[in-house]
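This report concerns only the one structure given below.
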Amino acid sequence: RHKQKYTMISSHVYKPQFYFLVTFLVTFLFWFAGAYVSFHERLSEFSMVLLLPGLMAPCGISLIIIFSSKNQKLKNDFVNRLTNIKLIELKMLPAFFLIMPVSVLLSILLSLLFGQSISQMQFSEGFSFSSGFVPVLLLLVLAATFEELGWRGYAFDSLQARYNYFTASLLFSVLWSLWHFPLVFVNNSYQNQIFQENIWFGINFFVSIIPLGIIISWICAKNGKSVIAAILFHFIINISQEILDISQITKSIETVVLFFVALAIVVADRELFFKRTYCCPNFANV
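Going by the working numbering, the sequence shown wraps up at 296, each residue one higher than the last.
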């Protein structure tokens, strides 16, 4: 079993400003172009051709940085975290499969106090958005995969090299939330639809990402920084939001529930979050 769960490669300089600047620029370029195309009837079906590269930007830029570096340990560490299934702790499996579904179910029960329907417990008849020629389920898988390959492959480590785990998690979560901004302007995207329905529902989407980012960071840390673990949990988040016919009021309640879940995790595992020496790799200069 891999034991170096919280050690970093000792000869790499992380450059978080460069990484996030380039990632945002590339993603925003493709997504705003895709947004423009999505509102032109003859071209709208091809908007996904532009949206997909933007989705892949975090992954692509991470891979370029990692494999163009002269640090073999950095490359080996990434490959190990991507392929070593043994990094996933069996004792963490309940957290994998219960945190999001239980949070959703609790949110539905709480929503009943605000006049929402118990019918939200029913399975959804379809997905809450369309995705052109790419099946929505496949898009949810691709989103979880390409994002976490980038976020956990390099992005989060670049922040963790400078900050303790809590600060890195919080900063990453805010950046991850802002990264989704161009999707608000993409015709028929989930973000576009909820902003049209109610601006507060749209704002709630961005706020909800913050506790989710903290929770994913915790899941990843507890499983040896496994990229596989992050991808799996990210997909469970995505599918948990789609499988039941929950209202936007309930999703707003869910955001509050997730903040309490994240707070409970931080308090219960404060040694991880606030002791820098316990966290992750400290890479020295090349």
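Here a beta-carbon is modelled for each residue, glycine too, at the ideal position from N, C-alpha and C.
Item	Value
Do the CB positions of I224 and S250 come within less than 7 Å of each other?	no
Taking all protein chains shown into account, decide if L62 is buried (16 or more other Cβ within 10 angstroms of its Cβ) or exposed.	buried
Say whether chain D places a C-beta atom closer than 7 Å to the C-beta of F137.	Looking at the structure shown, chain D is missing, and only one protein chain is on hand.
Do you know how far the Cα of L149 is from the Cα of N86?	29 Å
Let's test the definition: count the other Cβ atoms within 10 Å of the Cβ of H244 and tell me whether it reaches 16, buried, or not, exposed.	buried
At which residues does the alpha helix (DSSP H) containing Y46 begin and terminate?	P26 to S48
Between which two residues does the alpha helix (DSSP H) harbouring R91 extend?	Q82 to T93
Should W157 be labelled buried (16 or more other beta-carbon atoms within 10 Å of its own) or exposed?	Reading off the sequence, residue 157 comes out as Glu, not Trp. Result: buried.
Please state if the CB of I71 and the CB of F88 are separated by a distance shorter than 7 Å.	no
To which residues of the same chain is L120 closer than 6 Å at the C-beta, ignoring the five residues directly before and after it?	I263
For S218 versus F139, is the C-beta distance shorter than 7 Å?	no
So, R91 versus S236, is the Cβ gap smaller than 7 Å?	yes
To the nearest angstrom, how far is it from the Cα of L181 to the Cα of K101?	28 Å
Which residue comes first and which comes last in the alpha helix (DSSP H) that contains Q201?	Y200 to E207
On the DSSP letters alone, give me the boundaries of the alpha helix (DSSP H) that G70 sits inside.	S57 to S78
Where does L53 fall in DSSP's three states?	coil
Would the beta-carbon of F49 fall within 7 Å of that of L185?	no
Anyone know if the C-beta pair for D5 and Q132 falls short of 7 Å?	Any property of residue 5 remains undetermined from this structure, which presents the chain solely from 11 to 296.
How about I1 and W228: do their beta carbons lie closer than 7 Å?	The shown model of the chain, from 11 to 296, leaves out residue 1, and the question about it has no answer.
Buried or exposed: which applies to Q130, given that a residue is buried once 16 or more other Cβ atoms fall within 10 Å of its Cβ?	buried
For F133, does the three-state DSSP call read helix, strand or coil?	strand
Decide if N233 is buried, meaning its Cβ has at least 16 other Cβ atoms within 10 Å, or exposed.	buried
If we count the other Cβ atoms within 10 Å of its Cβ and call it buried at 16 or more, is W210 buried or exposed?	exposed
Looking at P221: is its Cβ nearer than 7 Å to the Cβ of F269?	yes
Among M66, K25 and R52, which residue has its Cα nearest to the Cα of W41?	M66
In angstroms with no decimal places, state the Cα-to-Cα distance between R162 and N197.	29 Å
Is the beta carbon of V194 less than 7 Å from the beta carbon of Q201?	yes
Taking only the alpha-carbon atoms, compute the straight-line gap between F205 and F191 and give it to the nearest angstrom.	11 Å
In the DSSP assignment, the alpha helix (DSSP H) including N248 goes from what residue to what residue?	V237 to S250
Strictly by DSSP, which residues pair up with L254?	F133
Pick out whichever of I247, F176, F124 and R52 has its Cα sitting closest to the Cα of A105.	I247
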